[in-house]
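Visitor:
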Amino acid sequence: MKQKLGYVLMILILVLGIWLFVSGKPAEWFYFLMVAVLLITVLFFTRKNPFDKLTKTHKFFISVLSVFIVLLGYELNHSPYYLLFIFLPACFIFYAWEERLYEKEITKAVEKAFSEKRREDIQLALELLSYENRYLRFENGPIWFNELQKMTKE
199 MKQKLGYVLM ILILVLGIWL FVSGKPAEWF YFLMVAVLLI TVLFFTRKNP
249 FDKLTKTHKF FISVLSVFIV LLGYELNHSP YYLLFIFLPA CFIFYAWEER
299 LYEKEITKAV EKAFSEKRRE DIQLALELLS YENRYLRFEN GPIWFNELQK
349 MTKE
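This is how it looks when you write it as structure tokens:
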């Protein structure tokens with residue numbers, strides 16, 4: 199629920215920003231609002247997930263870079279080109295980067311679970327694979343998931 203509220207808040211801010219750019223009204227306060235919303239989203243609306251421990255440093259770097267990009271927009275005098283050519287692509291790149299990190303962590307956890315066959319490694323791999331049904335995104339994901347479940351029953 200909190201995650202959806204965060205997304206709705208970010209979309210509303212984006213729509214407000216586009217409207218301000220198109221209408222040509224001065225919007226210095228908008229960039230400070232974007233930084234505040236970004237920080238609030240990072241602090242309060244991020245969901246706890248099994249990847250938190252594994253990707254903590256990357257998420258911090260992405261958050262700092264996001265704030266820098268928003269402040270860069272303030273320095274570029276609120277240009278609508280900034281929104282189209284810097285901010286939106288950066289959001290998509292950060293999302294893709296995060297998804298790639300998740301894929302790498304899942305792959306490492308599954309390889310470790312199959313090679314070492316320790317109970318905690320198997321549990322971690324199952325937890326990562328089952329989070330939001332991520333095992334369906336891999337070609338061999340359902341096979342890995344079923345094999346790991348069999349290993350926990352043994």
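So that you can map any letter, position 120 of the sequence shown is 318 in our numbering, and since no number is skipped, the others follow by simple counting. C-beta atoms are modelled at their ideal positions from N, C-alpha and C, and glycine is treated no differently.
1) Pairing CB atoms from the region 253-271 with CB atoms from the region 286-301, are three or more of them under 8 angstroms?
2) Take residue 307 and list the residues in its own chain whose beta-carbon comes closer than 6 angstroms to its own, dropping the five residues that flank it on each side.
3) Please report the Cβ distance between residue 349 and residue 315, rounded to the nearest whole angstrom; I am assuming they are in contact, meaning their Cβ atoms lie under 8 angstroms.
4) Using DSSP with H/G/I as helix, E/B as strand and the rest coil, what is residue 330?
5) Assign residue 268 to one of two classes, buried (16 or more other C-beta atoms within 10 Å of its C-beta) or exposed (fewer than that).
6) Measuring straight from C-alpha to C-alpha, what distance separates residue 288 and residue 342?
7) Please report the distance separating the alpha-carbon of residue 305 from that of residue 217.
8) What separation, rounded to the nearest whole angstrom, lies between the Cα atoms of residue 286 and residue 265?
Guide: Quick look at the numbers:
1) yes
2) 322, 323, 326
3) 7 angstroms
4) helix
5) buried
6) 33 angstroms
7) 43 angstroms
8) 13 angstroms
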